[in-house]
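Peer 1:
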Amino acid sequence: MVPLRLFVDRLALRPLGAADPADRWVRWVHVSELPDPPFLRGGELLLLAGTGFRPADSDEYVRRLSDARVVAVGFGVTPVFDAVPPQLVAACDRHDMALLEVPPHVPFASIVELHHAELVRAETRDLKRLSDGQGLLIRAAAGPGPLRAVVERLAELLDGWVLVVDRNRDRTWSGGPVRRDPEVAEALERACASRSPWSAAFTAAEENVEVQRLLGPAPAGYAVAIARRTPFTVADRGLVGVAASALSLLFTAPSAASSPEALGAAVVTGLLRLPTLARGLAAPLDLAEDVPWRLVRGLLGEPPGSRETITQRLSVLLDTPFVEQDDDTFVAILPDDRPTGELLRAVDDAGLLAGISRPHPAADLDPAWGEAGSALDGARIRGRSVVAGADPQGLLALLDTPQASRYADRLLAGLDAGTPKDSALLLGTLRSWLAHNGSWDRTAADLGVHRNTVRHRMRQITRLLDRDLTDPDVRMELWFALRRRSEARLCRRDDPYNGGAGLGRNVHFCRERPLPSVCLPWTPEADGPCQHPQAPTAWRRTRWGRRTSSSRSWRPWRP
-2 MVPLRLFVDR LALRPLGAAD PADRWVRWVH VSELPDPPFL RGGELLLLAG
48 TGFRPADSDE YVRRLSDARV VAVGFGVTPV FDAVPPQLVA ACDRHDMALL
98 EVPPHVPFAS IVELHHAELV RAETRDLKRL SDGQGLLIRA AAGPGPLRAV
148 VERLAELLDG WVLVVDRNRD RTWSGGPVRR DPEVAEALER ACASRSPWSA
198 AFTAAEENVE VQRLLGPAPA GYAVAIARRT PFTVADRGLV GVAASALSLL
248 FTAPSAASSP EALGAAVVTG LLRLPTLARG LAAPLDLAED VPWRLVRGLL
298 GEPPGSRETI TQRLSVLLDT PFVEQDDDTF VAILPDDRPT GELLRAVDDA
348 GLLAGISRPH PAADLDPAWG EAGSALDGAR IRGRSVVAGA DPQGLLALLD
398 TPQASRYADR LLAGLDAGTP KDSALLLGTL RSWLAHNGSW DRTAADLGVH
448 RNTVRHRMRQ ITRLLDRDLT DPDVRMELWF ALRRRSEARL CRRDDPYNGG
498 AGLGRNVHFC RERPLPSVCL PWTPEADGPC QHPQAPTAWR RTRWGRRTSS
548 SRSWRPWRP
């Protein structure tokens, strides 16, 4: 908009009446001789020469203009009126309407041209300010501590204050003298609670406030509030939009916030150990340098998309820029500022299997590699992600681990004596049979075989173990032995039953999750399809494979 005072100074228009033109702004200049001008939207400087104007109707005329939110009236003298009618001056005073006398030598076109030129000049200034501000915000987003830097830079550009909140991790960033106001707090809560685009603009304590929802890894919980004394211009809103986009990208794609992307890859693959590693890890996420870190090793299943796409999705899922993906496995480092239960649910809901280490300082991440690998082995056995160091539950937590493991190995030694294929077959059948309380039909359905096959295998198991499987004490001991073996093998990387190193090298899985009581360890000598009853027919007709939707060729099924 253009200040009304500009027309007085540039074109020598003379103010009349008590209304001061100094604090008024003109959105548009309109010319009309009608007694009730239509198409008025507010903010106009209305020009008229008095054709058909009746001074006696001045009060009603000005009242209609005031209701239409007209800013000022410009009355041109000659040829109709030699001077502005005094009735019009009095009516403008009563309705607080600015009145300007347009001298004969100033055509209305000059007023319109001046307004248009000033609008173009202001737009050019705004575009330059927006362009410069964009550059400053982008550089702030690419530098160290990007979230805090973007917030502080935006507050400087708008000459106001900015407050960004992350309700999911209880974090805030602020720039400028933030004013805590109940109305602003309520708007922020509504924005954080919304799962769709949401914004609000209002005035509070003589400040113009705008609140917007931001995107983030979680469906909701992110918002920004911006406030300033003067109204927001088009350039100001453009800067707010750029900052909101940058903040959302920093939340949803934190890999973009890490200036050297190779740092994350080098760290997670164990190739980099720097004295400044703690600062290098913490800076992109705006964390303290002493925050502990966890290492995650996992299986992707069949990777959907390119390596860059997978890495970006993992980065969003785990909320960390430090992710490295290789074929169907991935490794990541993430700060220990997220509840493990929430992390496990996120990984499991994404259809991934992962092992998560204990928290370690950045300078001592070497043990985390082995812990995450052992936890991944356990995840493959259990069919769900595992956190290293999680306390066993139930009676298993009361047993002495080395002694219980040795007893389990002695108890199951008869089944371990055969070939790996036969041993895995019998161990899987025994586990399923015990899990289904000795039911032949349910065990057969679980294994995808005929119940007579189950009977035959159980007779072999009875003979090899030399135990009476009808005895509940024997069943209890065997079940605890199988569970104890699963717990113990979390730390055995060379065990043939858990695939070795947790990378799925020798184990076959159905669908996207391992079913330890159903899907058997694979060996080069194994010959036969997966017999799981829930597996599609196409899987069961192939040798450990499945048909893809985009190809007629058979590809091995990998976890």
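When we follow our numbering, the leftmost residue of the sequence shown carries the number -2, and every step to the right adds one. Positions of the beta carbon are idealized from the N, C-alpha and C atoms, including for glycine.
Between L424 and D463, what straight-line distance do the alpha-carbon atoms span, to the nearest angstrom?
Peer 2: Going by C-alpha positions, L424 is about 15 Å away from D463.
Peer 1: Enumerate in chain order the residues of its own chain whose CB-to-CB distance from V109 is below 7 Å, with the five nearest sequence positions on each side excluded.
Peer 2: V26
Peer 1: Measure the beta-carbon distance from W290 to A359 and round it to whole angstroms, keeping in mind my assumption that it falls under 8 Å.
Peer 2: 6 Å
Peer 1: If we call anything under 8 Å between Cβ atoms a contact, is E204 one with A188?
Peer 2: no
Peer 1: Where does H453 sit, in a helix, a strand or coil, going by DSSP?
Peer 2: helix
Peer 1: Helix or strand or just coil, what does DSSP make of S354?
Peer 2: coil
Peer 1: For P12, report the span of its beta strand (DSSP E) as first-last.
Peer 2: 11 to 13
Peer 1: Could you give the residue range of the beta strand (DSSP E) that holds F72?
Peer 2: 69 to 73
Peer 1: Return the chain-ordered list of same chain residues with a C-beta closer than 8 Å to the C-beta of T48, the five sequence neighbours on each side being excluded.
Peer 2: E30, V77
Peer 1: Return yes when the Cβ of L42 is within less than 8 Å of the Cβ of L1, no when it is not.
Peer 2: yes
Peer 1: Please classify F327: is it buried, with 16 or more other beta-carbons within 10 angstroms of its beta-carbon, or exposed?
Peer 2: buried
Peer 1: Under the three-state reduction of DSSP, which class applies to L1: helix, strand or coil?
Peer 2: Assignment of L1 by DSSP, reduced to helix, strand and coil, places it in the coil class.
Peer 1: Taking 8 Å as the cut-off, decide whether the C-beta atoms of L331 and V384 are in contact.
Peer 2: no
Peer 1: My parser needs the beta strand (DSSP E) runs of 3 or more residues fully inside the segment 17 to 43; what are they?
Peer 2: The DSSP assignment places 25 to 28 as complete runs of the beta strand (DSSP E) inside the segment 17 to 43, in order along the chain (cut-off: 3 residues).
Peer 1: As an exercise, report each continuous alpha helix (DSSP H) stretch of at least 4 residues that is fully enclosed by the segment 114 to 160, in chain order.
Peer 2: 143 to 155
Peer 1: Could you tell me the distance, in whole angstroms, from the CA atom of A138 to the CA atom of A243?
Peer 2: 7 Å
Peer 1: Should P179 be labelled buried (16 or more other beta-carbon atoms within 10 Å of its own) or exposed?
Peer 2: exposed
Peer 1: Which word fits R377, buried or exposed, when buried means at least 16 other C-beta atoms lie within 10 angstroms of its C-beta?
Peer 2: buried
Peer 1: Label S55 either buried or exposed according to how many other C-beta atoms from any shown protein chain fall within 10 Å of its C-beta, with 16 as the threshold for buried.
Peer 2: buried
Peer 1: Looking at V288 and A222, is the spacing between their C-beta atoms short of 8 Å?
Peer 2: Result no, Cβ atoms of A222 and V288 do not sit closer than 8 Å.
Peer 1: Beta strand (DSSP E) containing D178: first to last residue?
Peer 2: First-last for D178: undefined, no H or E at that position.
Peer 1: With a threshold of 7 Å on Cβ separation, who are the neighbours of R21 within its own chain once the five nearest residues in sequence on each side are excluded?
Peer 2: L1, V68, A69, A95
Peer 1: State yes or no: is the C-beta of G40 within less than 8 Å of the C-beta of V86?
Peer 2: no
Peer 1: Going by C-alpha distance, which of D64, R38, V81 is nearest P52?
Peer 2: V81
Peer 1: Mapping the DSSP letters down to three states, classify W195 as helix, strand or coil.
Peer 2: coil
Peer 1: Please report how far the alpha carbon of G411 lies from the alpha carbon of Y219, in whole angstroms.
Peer 2: 58 Å
Peer 1: Judging by CA-CA distance, which residue of V161, I458, S382, G157 is the nearest neighbour of L557?
Peer 2: This structure does not reach residue 557, given that the chain is present from -2 up to 556, and the question cannot be answered.
Peer 1: Identify, in the order they occur along the chain, each residue of the same chain with its Cβ nearer than 7 Å to the Cβ of L8, setting aside the five sequence neighbours on each side.
Peer 2: V103, S107, I108, L111
Peer 1: Give the DSSP-derived three-state secondary structure of T534 in the structure shown.
Peer 2: Residue placement at T534 is flagged as unreliable, the pLDDT there being 35, under the threshold of 50; the coordinate-derived value follows with that caveat. Note: T534 maps to helix in three-state DSSP.
Peer 1: State buried or exposed for P318, treating a residue as buried only when at least 16 other CB atoms are found within 10 Å of its CB.
Peer 2: buried
Peer 1: Looking only at DSSP bridge pairs, what is Q209 linked to?
Peer 2: S196, V221
Peer 1: Check P228 in the structure and name its three-state DSSP category.
Peer 2: coil
Peer 1: Can you list, in chain order, the residues of its chain whose CB lies under 8 Å from that of D573, leaving out five sequence neighbours each side?
Peer 2: The chain is shown only over -2 to 556; residue 573 falls outside these bounds and no answer can be derived.
Peer 1: Determine the direct distance from the alpha carbon of R403 to that of G367, and round the result to whole angstroms.
Peer 2: 23 Å
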